[in-house]
Amino acid sequence: MTLIDAGAADATSALPPTLAVPPSSTDRAPVVLHAREDPRPGHGRPEVDGKFLAVGGRRLWVRGVTYGTFRPDATGERFPSPEQVAHDFAAMGATGINAVRVYTAPPRWLLDAAAAAGLWVMVGLPWEQHVAGLGDRRRVRSILQRVRAAVAGCAGHPAVLAYTVGSEIPASIVRWHGRRRVERVLERLCRAARGADPGCLVTYVSFPSTEYLRIAAADLVSFNVYLEDRADFAAYLARLQNLAGERPLVLGEVGLDSARNGAAAQAASLDAQLDVAFTGGCAGAFVFAWTDEWHRGDDEVLDWDFGLTDRQRRPKPALAAVRDAFADVPVRPAAGRPPLVSVVVCTHNGGATLHECLAGVRALRYPRVEVIVVDDGSSDDSEAIARAAGVTVISTPNQGLSAARNTGLELARGELVAYLDDDARPDPDWLTYLAAAFAATGHAAIGGPNLPPPDETGTAACVANTPGGPVHVLVSDTEAEHLPGCNMAFRRDALRAIGGFDPQFRVAGDDVDVCWRLHDAGQTLGFHPAAMVWHRRRATVRRFWRQQRGYGRAEALLERKWPERYNLTGHATWGGRLYGRGVAARAQRSRIYHGTWGTSAFQHEVGRPRNLVAELAGTPEWYLLIAALAAAAGLGALWTPLLGAAPPLALAVGATVARALRGTRAAQFGHAAGRRRSRRLTLRAITLVLHVLQPAARLAGRLQAGLVPWRRPDRWRFAAPVPRRREGWSERWMALEDRLRLVGVVLREHGERVRPGGPCDRWDLHVAGGALGGARLRATVEEHGGGRQLVRWRIWPRASRLVPPGIAGLAALGGLALRDHAWLPGGLLVILAVAVGTAAVCECGIATASALRAVPAAVPPSDHLHEDRR
Numbered sequence: 094m095t096l097i098d099a100g101a102a103d104a105t106s107a108l109p110p111t112l113a114v115p116p117s118s119t120d121r122a123p124v125v126l127h128a129r130e131d132p133r134p135g136h137g138r139p140e141v142d143g144k145f146l147a148v149g150g151r152r153l154w155v156r157g158v159t160y161g162t163f164r165p166d167a168t169g170e171r172f173p174s175p176e177q178v179a180h181d182f183a184a185m186g187a188t189g190i191n192a193v194r195v196y197t198a199p200p201r202w203l204l205d206a207a208a209a210a211g212l213w214v215m216v217g218l219p220w221e222q223h224v225a226g227l228g229d230r231r232r233v234r235s236i237l238q239r240v241r242a243a244v245a246g247c248a249g250h251p252a253v254l255a256y257t258v259g260s261e262i263p264a265s266i267v268r269w270h271g272r273r274r275v276e277r278v279l280e281r282l283c284r285a286a287r288g289a290d291p292g293c294l295v296t297y298v299s300f301p302s303t304e305y306l307r308i309a310a311a312d313l314v315s316f317n318v319y320l321e322d323r324a325d326f327a328a329y330l331a332r333l334q335n336l337a338g339e340r341p342l343v344l345g346e347v348g349l350d351s352a353r354n355g356a357a358a359q360a361a362s363l364d365a366q367l368d369v370a371f372t373g374g375c376a377g378a379f380v381f382a383w384t385d386e387w388h389r390g391d392d393e394v395l396d397w398d399f400g401l402t403d404r405q406r407r408p409k410p411a412l413a414a415v416r417d418a419f420a421d422v423p424v425r426p427a428a429g430r431p432p433l434v435s436v437v438v439c440t441h442n443g444g445a446t447l448h449e450c451l452a453g454v455r456a457l458r459y460p461r462v463e464v465i466v467v468d469d470g471s472s473d474d475s476e477a478i479a480r481a482a483g484v485t486v487i488s489t490p491n492q493g494l495s496a497a498r499n500t501g502l503e504l505a506r507g508e509l510v511a512y513l514d515d516d517a518r519p520d521p522d523w524l525t526y527l528a529a530a531f532a533a534t535g536h537a538a539i540g541g542p543n544l545p546p547p548d549e550t551g552t553a554a555c556v557a558n559t560p561g562g563p564v565h566v567l568v569s570d571t572e573a574e575h576l577p578g579c580n581m582a583f584r585r586d587a588l589r590a591i592g593g594f595d596p597q598f599r600v601a602g603d604d605v606d607v608c609w610r611l612h613d614a615g616q617t618l619g620f621h622p623a624a625m626v627w628h629r630r631r632a633t634v635r636r637f638w639r640q641q642r643g644y645g646r647a648e649a650l651l652e653r654k655w656p657e658r659y660n661l662t663g664h665a666t667w668g669g670r671l672y673g674r675g676v677a678a679r680a681q682r683s684r685i686y687h688g689t690w691g692t693s694a695f696q697h698e699v700g701r702p703r704n705l706v707a708e709l710a711g712t713p714e715w716y717l718l719i720a721a722l723a724a725a726a727g728l729g730a731l732w733t734p735l736l737g738a739a740p741p742l743a744l745a746v747g748a749t750v751a752r753a754l755r756g757t758r759a760a761q762f763g764h765a766a767g768r769r770r771s772r773r774l775t776l777r778a779i780t781l782v783l784h785v786l787q788p789a790a791r792l793a794g795r796l797q798a799g800l801v802p803w804r805r806p807d808r809w810r811f812a813a814p815v816p817r818r819r820e821g822w823s824e825r826w827m828a829l830e831d832r833l834r835l836v837g838v839v840l841r842e843h844g845e846r847v848r849p850g851g852p853c854d855r856w857d858l859h860v861a862g863g864a865l866g867g868a869r870l871r872a873t874v875e876e877h878g879g880g881r882q883l884v885r886w887r888i889w890p891r892a893s894r895l896v897p898p899g900i901a902g903l904a905a906l907g908g909l910a911l912r913d914h915a916w917l918p919g920g921l922l923v924i925l926a927v928a929v930g931t932a933a934v935c936e937c938g939i940a941t942a943s944a945l946r947a948v949p950a951a952v953p954p955s956d957h958l959h960e961d962r963r
């Protein structure tokens, strides 16, 4: 059904009849969530649902408190009496709390009491986390046995939410053992818990001092965070969401001490913390603690009062604040009417997945939505599927993806326009988080993660773990440089102000182009980790190859339009960091900043320089190098010295395989892997092949579209590549920096690739004529009063540093081959040397001509303008 704001103005009166919009219908009633609607123990086992948790297909937001530890009784049990526990749990349920975190393995009667009160239990599994003995194998085996025994005592109980295999291992202990050893022990503990209770969820509760620990076997990412300032808390939460990646983030402890800060301050702080936590996309949060009564070891803690109730279980103001905050989950309603959102789905022969996409749109829990499907000349049943879904359907001739998105933009009545691909299914709260993010920020566009569906199997599951998929690029934890087209939303007016999407991008590249144009218009892009969609990947190797080849052609179009954003080898120079499952193989190396003697309070990762060979091995052009080395080694049959290319060839191929193996090892298949070892091996073998094929497919598309290292500008002139000087009088004063920017603008308008000099360079602009040669410019200004300036320019050719030794090496090898009467290899090498030299001269001449053509824009012609070649 099409849901349009009944009060919106008619924005389609000027549209042709084929784009007419049916009458609007009424708004949907807003969805209000209450604790009684939560899945309760007994409805099924909790499972991961993207960035959230679910039970039996229903979303479970964890609204919890911590409980304990308490004084041990005569039997050593660290819980109050069953009567007190039942009383406490009933009071929790009445307050809207649905989960409790305990720090020791509970007895079955406590789990029964939790289930009766409708509470889930996060079970703590204590062991010696503060000792430096993890290097002792016997101690580790003992810890594993205790963890298995503790889990076995709770296994299968319907109230169990998850197990925590550890909490806040001190930074000094991690530094003592090393990050990798601690991670390996925690991984083994996760597997041990899962083995004792198959199907359970496991997590490790970290904290800021050791935020760098990565526990791949954990189902959830959990952190204890104590930050009183709302802005600081929100900023750190965004950082944690990026560390969590595709997994749910649960806050294991938040709170404030009322003894030092006062009861009112505690209530206000918890209200802010919980609001930020759930608005920021957390799957849940536990407030520390239910009562002021708690013990550390055998000692009662009397100087801290973190409880929502005091030691006699009398409620504090914080309890009412927590109740109200939990009632607003997931997002606190904003004042006024929520904005109308236009959801635009563009499809071309997408009938296989369109029904699932529209079913997800109909399930959105947002009160004001209109849905527009643009059928871009499909020959399958896409149009019929869309019309059967009751949405607005616009059928057009096949004009490409960008044109279809512009059609949807013309029809959109909403203040916000959200785009979905026809193979993407939105999470029910997708628009809820997007609208909240727009309301809280001034971003022109906001997107979120796109995750492979949990039922993805076979090749599609392997494609999801392969580079080349839709990823987002972040310049900070909340601001984006690029948003993938399968999950992006815009302020309608901002998108219309830049003219919408560029129609030349028919298949891909339109999202990159529109993001760059918004940046150039002074706008910013945002990212919300919980505004997620389920995006299906290509299901066959053939379709994956076609997709990547199409991406290669789109890169060629982008490079022609945005030459300044691409380097000499034809790759986009991103200022931010790429995020996504498929980029795991390219993850930046890091080390830990511990501080002198390990004294840093917050120890974090520090990036190391990237491995150049590993970076190059993932580029399409690497395969050209392999082909060249293979050709040289093949000519070794005619001239033996050329067999020296065989070792570099082996190293190049080995680097490719090593990169593929690294990416395959990082692959996550979830349920798709099943339990059979043969199935897992098959999926990893396919993933390995896809890692090898992906750069080759991109290369095929780039070569087809002309994006090659030896490419030339589309329109070029030639000038003798010799040093030149140009000077002229200007009667209008202008800062030298502005003159240089003006020259750069003129060069880019002519499609030239130009980049500014660095802080230590004696040149101001470099114009690339190709991969082998270019020209450089340097300028200065003499001030003569009255605004009159004498502007001097120096232009000189500049060949790549590799050109002279390359020519010399090829010529020397060719000469040696000819001396040995190896005429074919020798002739080819000499010809190649001449070709390289000629190409370098031509590219320097092309760049020199481009510079000469651009300089007059900053030096107006006058009677005193002259040029020389000194």
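Residue 94 is where the sequence shown starts when you use the working numbering, and the numbers rise one by one after that.
We treat Cβ as the ideally placed atom computed from N, Cα and C, and that holds for glycine.
Remember, predicted model here, so these are calculated numbers, not experimental data.
*D325, enclosing alpha helix (DSSP H) - first and last residue*: 323-337
*Relative to the C-alpha of G851, which residue among G844, R871, R653, V839 is closest?*
Nearest option by C-alpha distance: R871.
_Alpha carbon of S118 to alpha carbon of Y459, nearest angstrom_ = Unreliable placement is indicated for S118, whose pLDDT of 37 sits below 50; no coordinate value is reported for it.
*asked:* With three or more C-beta pairs closer than 8 Å as the rule, is the stretch 320-329 touching the stretch 367-379?
replied: yes
*Which class does Y305 belong to by DSSP, given the choice of helix, strand or coil?*
coil
_Distance check for T689 and L227, CA to CA, integer angstroms please._
C-alpha separation (whole angstroms): 23 Å.
*Are the beta-carbon atoms of W609 and A376 separated by less than 8 Å?*
no
_Completely contained beta strand (DSSP E) runs for the stretch 233-272, where each covers 3 or more residues_ = 253-260
*Can V158 and V380 be called in contact, C-beta distance under 8 Å?*
yes
*Tell me where the alpha helix (DSSP H) around F523 begins and ends.*
The amino acid at residue 523 is misidentified as Phe; the sequence shows Trp. The continuous alpha helix (DSSP H) containing W523 extends over residues 523-533.
_If I measure Cβ to Cβ from G899 and keep anything under 7 Å in the same chain, skipping five residues before and after, which residues do I get?_
V929
*Can you say whether L917 is buried or exposed, counting buried as having 16 or more other CB atoms within 10 angstroms of its CB?*
exposed
*Where does S472 land, buried or exposed, given buried means 16+ other C-beta within 10 angstroms?*
exposed
*Evaluate R518 with the Cβ neighbour count: other Cβ atoms within 10 Å of its Cβ, from every protein chain shown; 16 or more gives buried, anything less gives exposed.*
buried
*Tell me where the alpha helix (DSSP H) around Q641 begins and ends.*
634-654
*Leaving out the 5 sequence neighbours to the left and right, which residues in its chain are closer than 6 Å to G211 when beta-carbon positions are compared?*
R133, G186
*Residue environment, A680, which counts as buried when at least 16 other CB atoms sit within 10 Å*: Summary for A680: the model assigns pLDDT 49, below 50, so the residue's position carries little reliability, and this model does not support an answer.
*Do you know offhand how far G844's Cα is from E714's?*
22 Å
*Near G501, what residues of its chain come up, given a Cβ to Cβ distance below 7 Å and the 5 sequence neighbours on each side ignored?*
Counting only residues of its own chain and dropping the five nearest sequence neighbours on each side, G501 has a CB closer than 7 Å to the CB of V437, C439, I465, V467.
*Alpha-carbon spacing of V646 relative to P788, whole angstroms*: According to the sequence shown, residue 646 is Arg rather than Val. Cα to Cα, R646 sits roughly 13 Å from P788.
*Pair every Cβ in the stretch 405-425 with every Cβ in the stretch 438-452, then say whether three or more of these pairs are closer than 8 Å.*
Not touching, per the Cβ criterion.
*Going by other Cβ atoms of all chains shown within 10 Å of its Cβ, with 16 needed for buried, is D398 buried or exposed?*
With 16 or more neighbouring CB atoms inside 10 Å of its own CB, D398 falls in the buried class.
*Helix, strand or coil for V948 per DSSP?*
When secondary structure is reduced to three states using DSSP, V948 falls in the helix class.
_Cross-strand partners of V486 (DSSP beta bridge)_ = V466
*So, using beta-carbon positions, are P734 and L722 closer together than 8 Å?*
Cβ atoms of P734 and L722: not closer than 8 Å.
*Every unbroken beta strand (DSSP E) inside the stretch 685-712 [3 residues or more]*: 697-700
*By DSSP, does V934 sit in helix, in strand, or in coil?*
helix
_7 Å CB neighbourhood of A710 in its chain, flanking five on each side removed_ = A748, T749, R752
*Limits of the beta strand (DSSP E) - the one that C450 falls within*: C450 -> not in any beta strand (DSSP E); alpha helix (DSSP H) instead, spanning 444-455.
*asked:* What ranges does the alpha helix (DSSP H) occupy inside the stretch 720-808, keeping only unbroken runs of at least 4 residues that lie completely in it?
replied: 739-758, 770-798, all fully within the stretch 720-808.
*Starting from the C-beta of W202, find all residues in its chain whose C-beta is less than 7 Å away, skip the five residues before and the five after it, and write them out in chain order.*
P175
_Touching by the beta-carbon criterion (3+ pairs, under 8 Å), the stretch 505-521 and the stretch 616-631_ = Taking 8 Å as the limit for Cβ pairs, the verdict is that the stretch 616-631 does touch the stretch 505-521.
*From what residue to what residue does the alpha helix (DSSP H) around H136 run?*
From DSSP, H136 is part of no alpha helix (DSSP H); its letter is neither H nor E.
*Among L588, K654, L774, T168, which one has its Cα closest to the Cα of N499?*
For N499, the nearest C-alpha among the options comes from L588.
*Which residue comes first and which comes last in the alpha helix (DSSP H) that contains E176?*
175-187
*G217 - containing alpha helix (DSSP H), residue span*: Segment 213-217 is the beta strand (DSSP E) holding G217; no alpha helix (DSSP H) there.
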